[in-house]
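Structure first, then comments.
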Amino acid sequence: MAKRYGSALTSSPNDLRSPGLWPTRRPRQRMREEGARSALIAAASTVVVIALALWWILSSEAWPAVQKQFFNPTNFREVWPDVAGGFWLDIRMFLVAEVLILAFALVLAMIRALRGPAFFPLRALVIVFIDLIRGIPIILLILVLGFGIPALQLRGVPNSPLFWGVTTLVISYSAYTAEVYRAGIESVHESQRMSARSLGLTQVQALRYVLVPQAIRNVIPALLNGFVSLQKDVALVFILGVREGVREAQIYAAGTFNYTGYIAATVLFLLVSVPVARFTDWYTDRDRKRKQAVGV
Amino acid sequence: MLVSRSNLARLIGLLMALALVAAACGGEAEGVDPDVSCEFGDLNLVNPAVLTVATGEPVFPPWMGVGDDNFDVPESKTGFEGALVYALAAELGFSDDQVVWERTGFDEVIAPGPKNWDFNIQQYSITEARDQVVDFSVPYYTTRQALVTFATSQFATATSIDDLKDAKLGAAIGTTSLDFVEDVIKPNTEVAVYDENVGAEAAMIAGQIEGLVVDLPTAYFVTAVQVADSVIVGQFEESAAAPDDYGMLFAEGNPLVSCINAALDVLISDGKLQEFEDEWLTQDGAIPVIGG
């Protein structure tokens with residue numbers, strides 16, 4: 052602290068009080084220097100904290116055993132191809148599911164946003180659906196739909212565990228995502244709906260052209276949050292026998308009693324979810340600045 | 238290096254002593270360390286004066302809890318492993334009341350760190366890789382793998398491994414059955430893997446897999462009780478790729494393994510183990526062999 056204060060003094064004590072009086076360094080440059088200094092302090096304290104944590108962990112008596120079982124380079128190389136192959140399946144399931152979820156959930160939310168007694172049965176149906184689905188643990192839903200429906204042996208209904216795993220994720224996540232959309236639609240001022248209707252737009256048109264575009268922009272951070280969540284939850288379909296990344300790691304762990312495969316899977320999931328989380332932050336920040344610039 | 242005469246004499250003496258120890262070991266039962274005292278008071282136990290035995294949750298017949306009211310009740314002393322545990326406990330000097338059960342998930346078992354049980358018994362196959370992380374008793378049972386499918390399935394009449402190449406097969410995670418399907422049968426479709434045999438059975442009923450590979454005693458139970466209209470197609474020949482010896486699992490370096498091995502040796506030599514096997518695991522009627 053003392054050092055920081057001192058250097059602030061030496062840089063030019065008067066420039067804040069009387070800018071333009073002295074030929075001083077431009078504020079922008081000062082900000083750059085301040086930024087560099089805080090970055091340095093942040094880096095140093097981070098290094099110290101990590102070093103302390105590492106020392107604490109590595110000094111544990113059980114560390115050699117843990118290292119052998121969790122962080123074994125030989126096992127890592129051995130398990131990596133299987134886990135990476137399974138993880139690629141996770142990514143594909145995630146992408147397919149996410150597109151379907153965004154579309155299906157929007158339909159649900161729009162139905163729920165319809166006004167008027169004529170639409171009551173539709174609205175009620177959607178509300179019941181959302182309540183039921185959100186009330187069931189996702190793992191139960193996967194088991195019940197994934198094993199239960201194929202067991203009925205209905206004609207024309209696929210029995211693939213992959214199909215039912217992804218379908219269950221779409222159903223479950225759509226219920227949550229529909230609520231996100233609904234929050235977005237409700238955040239748009241009522242006058243927007245009324246103006247749209249007074250211009251002669253039908254209810255559906257008002258939703259489609261006026262409310263939903265504004266609503267989506269408001270909830271993009273929440274939707275991205277759902278992305279991150281889904282990207283990890285796709286692994287749950289392994290209970291149906293699907294061999295995705297986590298399952299491959301588990302198979303390896305069960306056979307060898309070595310956990311390194313879990314670490315490999317963790318690394319892969321982080322490689323995808325951390326950038327998405329950073330992107331969410333960046334986007335939220337940009338959006339907020341943009342709104343402030345407009346003065347909304 | 239120069240070796241003085243007195244040192245040489247000492248060396249020879251030492252070598253002779255070592256040879257004697259080795260000879261003494263040869264007389265002992267397999268896996269028994271003569272330096273470990275198995276007196277009741279000296280046993281290395283996690284809880285004083287009780288034998289804390291871990292198993293799965295739930296436990297399945299014919300291994301434990303056999304009989305309508307005994308499902309998932311290891312205290313019933315029924316089933317092959319149930320009977321075995323109480324017999325071993327008696328051999329070490331425990332009364333039945335001094336046997337306490339713990340239930341464990343798979344991952345808790347292999348996680349490093351202290352255990353809250355003395356040993357774990359749930360048809361663990363002894364493998365070299367596992368042996369590096371935990372300790373196993375000597376084998377208490379050697380099984381073979383068997384194929385279960387529906388009587389109506391096209392694979393119900395399979396007689397060789399070649400007949401199974403196009404089958405969609407399933408197995409439970411961490412079992413020799415899974416290794417066997419992957420390394421010996423090598424079907425064209427990737428093997429589906431489930432947490433428990435129950436999951437594989439559900440998948441079979443759902444038509445997602447066409448056959449299920451389990452150990453033979455489990456196959457009897459699956460076909461008799463768990464999956465209606467299912468049959469045992471046959472048992473497979475033994476394979477080096479998937480050794481089928483079951484051992485009790487101990488924390489790495491636990492000296493108790495030596496005492497359990499000694500007790501097991503007694504049960505083997507007096508014929509008790511065979512009796513348990515006959516009572517709980519063997520069924521009448523020959524099961525055909527599916528050849529390579």
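So the sequence lines, in the order shown, correspond to chains E and P.
If you read the first sequence in the numbering used here, its first letter stands for residue 52, the second for the next number, and so on.
If you read the second sequence in the numbering used here, its first letter stands for residue 238, the second for the next number, and so on.
Don't be surprised by glycine CBs; every beta carbon is placed ideally from N, CA and C.
Residues that residue 198 of chain E contacts on chain P, provided the C-beta gap is smaller than 7 Å: 439, 440 and 443
With 16 other Cβ atoms within 10 Å as the buried cut-off, status of residue 336 of chain E: exposed
Rounded Cβ spacing between residue 489 of chain P and residue 370 of chain P (contact assumed at less than 8 Å): Rounded, the Cβ-Cβ distance is 6 Å, consistent with contact.
Segment contact, 8 Å Cβ cut-off, at least three pairs: the region 402-414 of chain P with the region 295-308 of chain P: no
Residues in the region 349-377 of chain P having any Cβ partner in chain E nearer than 8 Å: 349, 350, 364, 366, 367, 369, 370 and 371
Check whether residue 498 of chain P and residue 266 of chain P have beta carbons under 9 Å apart: Yes.
Residue 82 of chain E classed as buried or exposed, judged by whether at least 16 other C-beta atoms fall within 10 angstroms: exposed
Exposure of residue 126 of chain E, with buried meaning 16 or more beta-carbon neighbours within 10 Å: buried
Whole-angstrom C-beta distance between residue 291 of chain P and residue 339 of chain P, which should lie under 8 Å: 4 Å
Same chain only: Cβ atoms within 8 Å of residue 147 of chain E, ignoring 5 sequence neighbours per side: 217
Any 3 or more C-beta pairs closer than 8 Å across the region 390-405 of chain P and the region 414-424 of chain P: yes
Straight-line Cα distance separating residue 471 of chain P from residue 504 of chain P: The alpha-carbon separation between residue 504 of chain P and residue 471 of chain P amounts to approximately 30 Å.
According to DSSP, residues forming a beta bridge with residue 260 of chain E: In DSSP, residue 260 of chain E forms no bridge with anything.
Where the region 279-296 of chain E meets chain P: residues whose CB sits under 9 Å from a CB there: 289, 290, 291, 292, 293 and 294
Per DSSP, cross-strand counterpart(s) of residue 357 of chain P: P:291 and P:486
Interface flag, residue 312 of chain E vs chain P, CB-CB below 9 Å: no
Stretch pair the region 291-309 of chain E + the region 428-435 of chain P: three plus CB contacts closer than 8 Å: yes
Alpha-carbon spacing of residue 334 of chain E relative to residue 273 of chain E, whole angstroms: 11 Å
Amino acids of chain E, ordered along the chain, whose beta-carbon sits closer than 7 Å to that of residue 427 of chain P: 294
Neighbour flag for residue 331 of chain E against chain P, beta carbons, 9 Å: no
Contact set between residue 315 of chain E and chain P, taken where Cβ atoms lie within less than 9 Å: Per Cβ cutoff of 9 Å: no residues; residue 315 of chain E is ~16 Å from chain P at best.
Helix, strand or coil at residue 282 of chain E [DSSP, three-state]: helix
From P:279, P:440 and P:433, residue whose alpha carbon lies closest to that of residue 301 of chain E: P:433
Cα-Cα separation, residue 485 of chain P to residue 102 of chain E: 41 Å
Contact with chain P by residue 307 of chain E, beta-carbon distance below 9 Å: yes
Residue 385 of chain P and residue 451 of chain P closer than 9 Å at C-beta: yes
Bounding residues of the alpha helix (DSSP H) (the contiguous stretch that carries residue 523 of chain P): No alpha helix (DSSP H) contains residue 523 of chain P, which DSSP labels as neither H nor E.
Strand pairing of residue 384 of chain P, partner residues [DSSP]: P:450 and P:471
Any C-beta of chain P under 9 Å from that of residue 335 of chain E: no
Members of the region 92-120 of chain E that neighbour chain P once the beta carbon cut-off is set at 9 Å: 113, 116, 117, 119 and 120
Short-range partners of chain E found in the region 377-409 of chain P, where Cβ spacing is below 7 Å: 407
Where residue 262 of chain P sits in the DSSP three-state scheme: Summary for residue 262 of chain P: the model assigns pLDDT 47, below 50, so the residue's position carries little reliability; its value from the coordinates is reported in the next sentence. Three-state DSSP puts residue 262 of chain P in a helix.
Cutoff 9 Å: residue 347 of chain P Cβ touching any chain E Cβ: yes
Reference residue 136 of chain E, options E:295, E:98 and E:89, closest by Cα: Out of E:295, E:98 and E:89, the CA that lies nearest to the CA of residue 136 of chain E is found in E:295.
Terminal residues of the beta strand (DSSP E) in which residue 431 of chain P lies: 429-431
Close beta carbons around residue 260 of chain P, own chain, < 6 Å, minus the five adjacent residues each side: Unreliable positioning characterises residue 260 of chain P in this predicted model, as indicated by a pLDDT of 47, which lies under 50. The coordinate reading is nonetheless provided below. Within the same chain, residue 260 of chain P has no close Cβ partners at all.
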